[in-house]
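Trainee:
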Amino acid sequence: MIVRQYSSAPRADIFASHRSRRLVSPEDRMGHLLFDTTIEAGERDNAAAPAGMTAQAHYCVAGRAVATIAGRRVVLFPGKLIAAGDARACTIAARERLKICSVYGVADEQGVFVERSLAEIEGTERDVYWGAGYSKRLLVRRDGLGFAFCVTIGHADRDSSLQYRNHLETCYYIQGAGEYVWRGGSHRIRTGNGEGTAFVMNRHDAHRMVIREESVCLSIFTPAIEGSEAHDFTKEAASSY
23 MIVRQYSSAP RADIFASHRS RRLVSPEDRM GHLLFDTTIE AGERDNAAAP AGMTAQAHYC
83 VAGRAVATIA GRRVVLFPGK LIAAGDARAC TIAARERLKI CSVYGVADEQ GVFVERSLAE
143 IEGTERDVYW GAGYSKRLLV RRDGLGFAFC VTIGHADRDS SLQYRNHLET CYYIQGAGEY
203 VWRGGSHRIR TGNGEGTAFV MNRHDAHRMV IREESVCLSI FTPAIEGSEA HDFTKEAASS
263 Y
């Protein structure tokens with residue numbers, strides 16, 4: 023288990039002019055990278071894919087912008103994701119102060135493009151009750167990006183024993199409070215005032231996800247989940263898929 027706080031995460035030059043925070047690095051061997059970037063209103067910048075990365079996804083946490091990705095012009099707003107199996111730079115022009123999380127990986131299919139929002143998947147097969155909250159599955163295996171991207175809601179006062187034996191998962195908490203507990207360690211979920219906590223499960227770590235206040239985290243899985251998976255907490259062992 024690797025834990026990184028937004029405030030102390032290393033800076034990275036994904037964007038030409040803005041310094042991002044790197045929550046998942048190549049050295050973590052997760053099969054994906056994760057960055058968090060803030061761009062001020064009226065500013066414009068280009069995000070370049072790191073070497074060897076052929077898939078990219080950008081999720082708008084806050085603010086509004088216009089993005090150009092894979093030759094397409096797209097409006098970004100909170101809860102909107104854009105993704106492409108394309109290594110060309112993504113251009114972002116912020117209309118309001120923008121907080122954007124970017125994921126890079128290796129595409130299963132080159133040339134794919136996805137534009138999807140939380141609002142349009144609500145109540146669909148991509149809106150899955152996972153056992154202690156809801157998983158909003160914006161990217162799954164059939165989308166062809168090589169990784170899955172979910173916005174995971176954790177209900178308050180829940181203690182869930184989990185282990186992902188077939189996937190490497192990063193959970194980046196942007197809202198809520200609680201803690202993760204694993205063999206040999208524990209760490210609080212710290213959010214608010216721009217803070218966030220990333221749990222990078224680089225060893226398929228069995229862990230307890232203890233949620234004190236309703237939480238929101240960005241979950242990235244490599245390889246991608248199919249999209250219909252849910253947990254079974256009726257057994258003693260940690261629930262897995």
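As numbered in the numbering used here, residues 23 to 263 make up the sequence shown, in order.
Glycine included, each C-beta is placed from N, C-alpha and C at the ideal position.
Per DSSP, what are the beta-bridge partners of R86 in this structure?
Mentor: Answer by DSSP bridge pairing: none, since R86 is not bridged.
Trainee: Taking the Cβ atom as the reference point for each residue, do L56 and H80 lie within a distance shorter than 9 Å?
Mentor: It is not a contact, given that the beta carbons lie outside the stated cut-off.
Trainee: Just curious, the alpha helix (DSSP H) that E142 is in, first and last residue?
Mentor: 140-143 is the span of the alpha helix (DSSP H), which, as asked, contains E142.
Trainee: Can you tell which of E248, R234, N224, T213 has its C-alpha closest to the C-alpha of Q27?
Mentor: Residue T213 is the option with its Cα nearest to Q27.
Trainee: Buried or exposed: S14, going by 16 or more other Cβ atoms within 10 Å of its Cβ?
Mentor: With the chain running from 23 to 263 in the structure shown, residue 14 is simply not present.
Trainee: For the beta strand (DSSP E) holding A170, just list the boundary residues, first then last.
Mentor: Where A170 is concerned, the enclosing beta strand (DSSP E) stretches over 170-176.
Trainee: Quick one: using the 10 Å Cβ neighbour count with 16 as the cut-off for buried, is Q78 buried or exposed?
Mentor: Classification of Q78: buried, given that the 10 Å Cβ count is 16 or more.
Trainee: Kindly indicate which three-state DSSP category D108 falls into: helix, strand or coil?
Mentor: Residue state, collapsed to three classes: coil.
Trainee: In its own chain, which residues sit with a C-beta less than 7 Å from the C-beta of G155, not counting the 5 before and 5 after it?
Mentor: Once the five neighbours on either side are set aside, the close Cβ partners of G155 are T174, I175, G176, H177.
Trainee: Give me whichever residues DSSP pairs with H229 in a beta bridge.
Mentor: H229 pairs with L184, W204.
Trainee: Measuring CA to CA, which of I24, G166, Y151, I143 is closest to L160?
Mentor: With distances taken between Cα atoms, L160 lies closest to I143.
Trainee: Identify whether S237 lies in helix, strand or coil by the three-state DSSP scheme.
Mentor: In the structure shown, S237 sits in a strand (DSSP, three-state: E or B).
Trainee: Look at the alpha carbon of H54 and the alpha carbon of E147, and state the distance between them as a whole number of angstroms.
Mentor: Going by the C-alpha atoms only, they are around 25 Å apart.
Trainee: Straight-line CA distance for V232 to V222?
Mentor: When rounded, the distance between both Cα atoms is 16 Å.
Trainee: Check the C-beta distance from S241 over to C172 and give it rounded, since I have them as a contact under 8 Å.
Mentor: Yes, S241 and C172 are in contact; Cβ-Cβ is about 4 Å, under 8 Å.
Trainee: Are there any heavy atoms of the ligand SAM lying less than 8 Å away from the beta-carbon of Y28, as far as the coordinates show?
Mentor: Because no ligand of any kind appears in the structure shown, any question about the ligand SAM cannot be addressed here.
Trainee: With which residues is T192 paired in a DSSP beta bridge?
Mentor: Looking at the DSSP assignment, T192 forms a beta bridge with V222, I242.
Trainee: What three-state label does DSSP hand D165 in the structure shown?
Mentor: It is helical.
Trainee: Please list the terminal residues of the continuous beta strand (DSSP E) segment that includes F37.
Mentor: Per DSSP, F37 belongs to no beta strand (DSSP E) and is neither H nor E.
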